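Everything on this sheet refers to the single structure shown next.
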RNA sequence: GGCCUGUUGGUGAAGUGGUUUAACACAUAGCCCUCUCAAGGCUACACACAUGGGUCCGAAUCCCAUACAGGCUACCA
């Protein structure tokens, strides 16, 4: 049996040969600086904020170079696959405006000329390349049982040797074709391993796009390339897919940096040109004194769905991600307040090699600023989208009183220095409930300095009888001063501060009474705007209700 | 155990051997403004270049050790 027949004996017939596959996926016709990137998650259905970060970079870099960004699903570990895993990922990312030019578009369908984009559908391709390697004596069947592997590992630990299958531990690496065939005919199970040509004592130099120059020992591990279920391992699939799909830049988590010697070798052995790599540090979280990775199980904010549930605008999350990705982005945004993310050019050399702590305060601050710059209709639309899903009672009111609600959102908005107090839409109910009579059920009034009920009644009735006027803000406030004067309160704060004993209180006390009796809150946005929106009858009704 | 990577104030960071007595932003505190709150303005704050050696006229920046943190060391990705 020659090696070609041997390869076929081991892996069976494939639909196409390696050379045919090479011909099927020609170079892409793109500008020389165009980046081809991919987001390649496992279909667990869960999108981690770190994955959002990586996919955002994939999308952004491809877009800004007129390249291609595609979605490939790495489902070679069948245990990790969940139902609707792919469509959940697509939906969560689409929420953040991350869409793909090619790749999976549902749990089963894809688009694009370099597919299939589901690794489990690419089995034939991997086998074709594995057979080529076997033919060239660069891969071989390995008959080590799990028990033997365990023994080797324990022994290596005992004598403090490097762990793995290499050198003399690679027991079957030099088995002859005849011996292997005989074992297989005897029913022995096998997997396919790389016959690593590397020497651990050699150093290799690797240039990471964001980390720069790194030095490693050459790989000499005979790693598994085809598992017993016939599917490839991550490493093998990575080399073949990113070659065939012509990925130019692989952006991935830094847990992969130690695989670099292997990956470099794999590309070399397969005769491929390796892509460039950007290894991204994970987002960290501080817990007490220790810092750890943001955890899917422990941290709600690790899931991108969290931001949707909290009503943090997706664009604000993206703005935050940009500040983490390129620290000069914030300064750019300050200089260009109306600038869009797409107008900013992300650069490699501004990316950090060390892990950042995820800073929720900063995110909420960015979100608050972002929301404050939106116009009234945009805020209204976001409020509608949020409440539609998470607060149907409020949704009904916002819909029923649409014009009024838009005006409510416009209080101290659409001006040079807009009000900044709403950071996420889950705060929307405590923010404006008292603006709707249907929701208005005050429980406690906190009047601060004026607490005598008769005095409060006097203030309210005098105000409504003689001084209510919302023609414009100056008139409105002047009238409140007049009211203060009439009832013995200081209308001028400086005079009050000079001689507080001459007055019952000051104009701020009057305004507080008017505010609290109207809204039951001592802190609200501009009171004039609220009164103007309410109109005299509703103000009067609230005051009557209070008394 | 072995190998790799990282370490600038509470946080994110600027910085690539010489206008660095180390930007800027968030957080925090105070004052001002003010009908409340938010915002805004001003100011303060923070023992900030992990530690110790070395190279150099000069180091946060280059080199070496140590410490700490993270990662990898699977027929998981």
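In the working numbering, the protein residues as written are 125 to 671. Note that CB positions come from ideal geometry on N, CA and C, so glycine has one too. The structure displayed is predicted, hence computed values, not measured ones.
Relative to the C-alpha of residue i, which candidate in the options has its C-alpha closest?
i: residue 263; options: 206, 246, 360 and 207; result: 360
i: residue 173; options: 154, 603 and 216; result: 216
i: residue 199; options: 246, 518, 399 and 238; result: 246
i: residue 186; options: 209, 206, 165 and 223; result: 223
i: residue 370; options: 618, 145, 643 and 133; result: 145
i: residue 420; options: 169, 164, 160 and 149; result: 169
i: residue 433; options: 184, 340, 294 and 510; result: 510
i: residue 394; options: 404, 595 and 321; result: 321
i: residue 387; options: 641, 270 and 344; result: 344
i: residue 210; options: 167, 533, 304 and 461; result: 167
i: residue 537; options: 551, 494 and 164; result: 494
i: residue 265; options: 402, 453, 132 and 368; result: 132
i: residue 640; options: 618, 622 and 671; result: 671
i: residue 204; options: 194, 244 and 521; result: 244
i: residue 452; options: 436, 435, 470 and 442; result: 470
i: residue 350; options: 248, 304, 310 and 444; result: 248
i: residue 261; options: 299, 236 and 285; result: 299
i: residue 673; options: 593, 213 and 659; result: This structure leaves residue 673 out entirely; the chain is present only between 125 and 671.
i: residue 664; options: 595, 633 and 591; result: 591
Is the separation between the beta-carbon of residue i and that of residue j shorter than 8 Å?
i: residue 605; j: residue 574; result: no
i: residue 333; j: residue 472; result: yes
i: residue 190; j: residue 231; result: no
i: residue 306; j: residue 267; result: no
i: residue 587; j: residue 563; result: no
i: residue 438; j: residue 219; result: yes
i: residue 553; j: residue 518; result: yes
i: residue 651; j: residue 666; result: no
i: residue 330; j: residue 342; result: no
i: residue 316; j: residue 134; result: yes
i: residue 241; j: residue 214; result: no
i: residue 425; j: residue 484; result: yes
i: residue 399; j: residue 340; result: no
Which residue comes first and which comes last in the alpha helix (DSSP H) that contains residue i?
i: residue 367; result: 358 to 368
i: residue 318; result: Run containing residue 318: none in the alpha helix (DSSP H); it sits in the beta strand (DSSP E), 315 to 318.
i: residue 148; result: 142 to 148
i: residue 259; result: 247 to 259
i: residue 591; result: First-last for residue 591: undefined, no H or E at that position.
i: residue 152; result: Taken as a continuous stretch (DSSP letters only), residue 152 belongs to no alpha helix (DSSP H), as it is neither H nor E.
i: residue 438; result: 438 to 449
i: residue 278; result: 270 to 282
i: residue 668; result: 660 to 670
i: residue 345; result: Note, residue 345: premise wrong, no alpha helix (DSSP H); not H, not E.
i: residue 389; result: 384 to 393
i: residue 530; result: 526 to 533
i: residue 309; result: 301 to 309
i: residue 554; result: 552 to 556
i: residue 130; result: 127 to 135
i: residue 218; result: 209 to 218
i: residue 469; result: Neither: residue 469 is in no alpha helix (DSSP H) and is coded neither H nor E.
i: residue 454; result: 453 to 459
Starting from residue i, trace the beta strand (DSSP E) in both directions and tell me its first and last residue.
i: residue 227; result: 226 to 228
i: residue 329; result: 327 to 332
i: residue 265; result: 263 to 266
i: residue 350; result: 348 to 350
Which partner residues does residue i have in the DSSP bridge list?
i: residue 497; result: Note: residue 497 sits in no beta bridge, so no partner.
i: residue 403; result: 376
i: residue 630; result: 614
i: residue 339; result: 329
i: residue 234; result: 228
i: residue 160; result: 192
i: residue 427; result: 172
i: residue 242; result: 197
Three or more C-beta pairs below 8 Å linking the segment 628 to 647 and the segment 602 to 619: yes
Taking contact to mean at least 3 C-beta pairs separated by less than 8 Å, is the segment 138 to 149 in contact with the segment 249 to 262? A contact exists between the segment 138 to 149 and the segment 249 to 262.
Does the segment 539 to 553 touch the segment 481 to 495, meaning 3 or more C-beta pairs lie closer than 8 Å? yes
Report yes or no: do three or more beta-carbon pairs, one from the segment 489 to 509 and one from the segment 527 to 537, lie closer than 8 Å? yes
Determine contact between the segment 401 to 409 and the segment 372 to 381, defined as no fewer than three beta-carbon pairs at a distance below 8 Å. yes
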